[in-house]
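For the sequence shown, the working numbering assigns the number 3 to the initial residue and increments by one for each residue that follows.
C-beta: ideal position from N, C-alpha, C; glycine also.
Inspection log for the structure reproduced underneath, given as C-alpha cells.
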Amino acid sequence: MNRTSLNDAESGLSLRNPLFVLICILFTAINMRSPITAISPLLDLIRHDFPVSNTMAGFLTTIPLVAFAILSPFVAKLAGKYGMERIIIISLMVLTIGGWLRPFGGLPMLLIGTFLTGLAIAIVNVILPGMIKREFPFRVGIMTSIYSICMNVFAATASAVSLPLANTGLGWKGSILIWTVLAMVALILWIPQQRYNQPAKLMKHSVKATRSVWRSPLAWKITIFMGMQSMIFYVSIAWLPDILQEQGLTNIQSGYMLSLMQFSMLPFNFIIPILAAKLKTQRPLVLFTVMLYLISLLGIIFVDGYLWWTATCLILLGIAGASSFSLSMMFFSLRTHTANQAADLSGMSQSIGYLLAACGPTLFGILHDVTGNWKLPLSILVIATFVILYTGMMAGGKGFIHPEEKTASAG
C-alpha cells in the first residue's frame with residue numbers, strides 16, 4: 003500500500019459506493035439498541051418460563067451495559083490492528099449468534115446470548131463514529147443525524163412492538179428472533195465490504211493516538227459529558243414509570259409518558275448534529291441542553307399530579323437527552339483529526355459512559371429505598387446536569403484531543 007492510499011484511507015477518500023456504505027451503516031444502526039430495548043417489555047413472559055427473581059430479570063437489561071463498559075476501551079486498538087470492516091463483520095456475526103442463543107437452551111443460554119449481544123453492540127458502537135468520519139469527512143453532521151435517528155426509531159419500535167408480537171402466538175422467543183433477522187441482514191450487507199478493509203497499524207500516528215487518548219484532558223471532559231448524559235437517560239428509562247405512578251399516574255399513563263419522551267427525541271437526533279457541525283463552537287447547544295434538563299428535572303421534582311405538565315417535562319427531558327447524546331457523538335469527530343482517533347475517543351467515552359449507565363439505575367433505586375421518596379435521587383440528576391454544563395462547555399469550545407498531531411495526520 004503506497005503513501006497516497008494510506009492518506010486516502012484516513013481522510014475518507016474511498017473507492018467504494020458511498021450510497022452502499024450508507025445503507026450498511028443504517029442497517030447496522032437498526033441493531034444498536036433494538037436487541038436491548040426489545041427485552042424489557044418481555045420480562046414478565048420470561049419470568050413465567052424461568053423461576054428467576056425480579057433482580058435477575060432486570061439483570062438481563064444491565065448485562066449489555068456492563069459488556070459495553072468492559073470492552074469499549076479495547077475496540078479502537080482492535081480496529082487499528084485488523085481494520086474497521088473486518089471487526090464490524092465479526093461483531094455482527096457475534097450479534098447474530100447471541101441473538102439465536104437467547105431463545106434456546108434455557109436461562110444459561112439466555113444470559114450468555116445477552117452478554118454476546120452486548121459485546122457485539124459495544125464494538126460496533128465504538129467503531130461507527132470513526133467509520134462515519136472516514137467515509138463521509140465532509141458530511142459528518144448529517145450522517146451522524148441519520149445514524150442517530152435510525153438507531154432511536156428502531157429502539158423505540160422494538161420497545162413498542164415486542165410484546166404485541168409475542169402475544170400473536172410467537173411468544174417471547176419468537177419476538178426476540180425477529181430482531182436477530184435484522185442483524186443477519188446487516189451482516190450480509192457488510193460482507194462484501196471486507197475487500198476495502200485497511201488495518202491502520204501501518205499508520206504510526208494512529209498508533210500513537212491510540213496510546214495517548216486517556217491522557218488527554220479534553221478527552222476526559224468529553225468522556226464525563228458522555229457518562230453523565232448516559233446515566234440520566236438510563237435512569238429515566240428504568241425509573242420514570244415508577245416515579246410517575248407515585249405521583250398519581252396510572253400504569254398506562256406512565257407508559258405513554260415514557261414513550262412520549264423517547265419519540266420527542268427523534269427530531270433533535272436529526273437537528274443537533276447538523277447544527278453542531280455548522281457552528282464554530284457547540285457551547286450554545288450545550289447551554290440549550292442544560293436549560294432543558296434543569297426545567298424538566300426540577301419540574302418533575304416540584305410539580306406533580308398535572309398530566310399536561312408531566313407531559314411537557316417529559317418532552318423537554320427527551321429533547322435534552324437527544325441533544326446531549328448527539329453532541330457526544332459529534333465530539334468524537336469534531337475533536338479529533340483522524341478516524342482512528344475518533345474511534346479511540348469513542349471507546350474511552352462509551353466505556354465510562356456505559357459503566358455509569360449500568361450503575362446509575364441501581365444507585366438511584368438504593369437512594370429511594372433509603373429516603374422513601376424520589377426527591378433526593380432526582381436532585382442527584384440535577385447535580386449531574388451541572389457536571390454536563392461544565393464538561394460540555396469545555397468540550398464545546400475549539401480544540402482537539404491531540405492538537406500536536408494535526409501535522410502528523412496531514413503529512
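Secondary structure of residue 63 (DSSP, three-state): helix. A Cβ-Cβ contact shorter than 8 Å links residue 390 with residue 227. When DSSP states are grouped into helix, strand and coil, residue 88 belongs to the helix group. Membership of residue 195 in any alpha helix (DSSP H) is not indicated, and neither H nor E is assigned to it by DSSP.
DSSP, read as helix, strand or coil, puts residue 40 in coil. Cβ-Cβ distances below 6 Å link residue 395 to 285 and 288 in the same chain, with the five nearest sequence neighbours on each side left out; the list follows chain order.
Put simply, of 132, 398, 183 and 90 the residue whose alpha carbon is nearest the alpha carbon of residue 281 is 398. Straight-line measurement puts the Cα of residue 276 at about 4 Å from the Cα of residue 143. DSSP places residue 338 in the coil class of the three-state scheme, outside both helix and strand. Bounds of the alpha helix (DSSP H) holding residue 167 are 142-167. The alpha carbon of residue 404 has as its nearest neighbour, out of 66, 163, 20 and 215, the alpha carbon of 215. Cβ contact annotation for residue 111 (same chain, cutoff 6 Å, sequence separation greater than five): 103, in chain order.
A residue is called buried when at least 16 other Cβ atoms come within 10 angstroms of its Cβ; residue 377 does not meet this threshold and is exposed. Distance from the Cα of residue 252 is smallest, within the candidate group 303, 97 and 309, for 309.
For the pair of segments examined, the segment 118-126 was found not to touch the segment 327-334: the number of CB pairs separated by less than 8 Å stays below three. Nearest Cα to residue 90 within the set 152, 26, 290 and 69: 26.
Judged by beta-carbon spacing, residue 129 lies beyond the 8 Å limit of residue 145, meaning their Cβ atoms are not closer than that value. Taken through DSSP and simplified to helix, strand or coil, residue 284 comes out as coil. Restricting attention to 22, 273, 236 and 302, the CA atom closest to the CA of residue 38 is found in 236.
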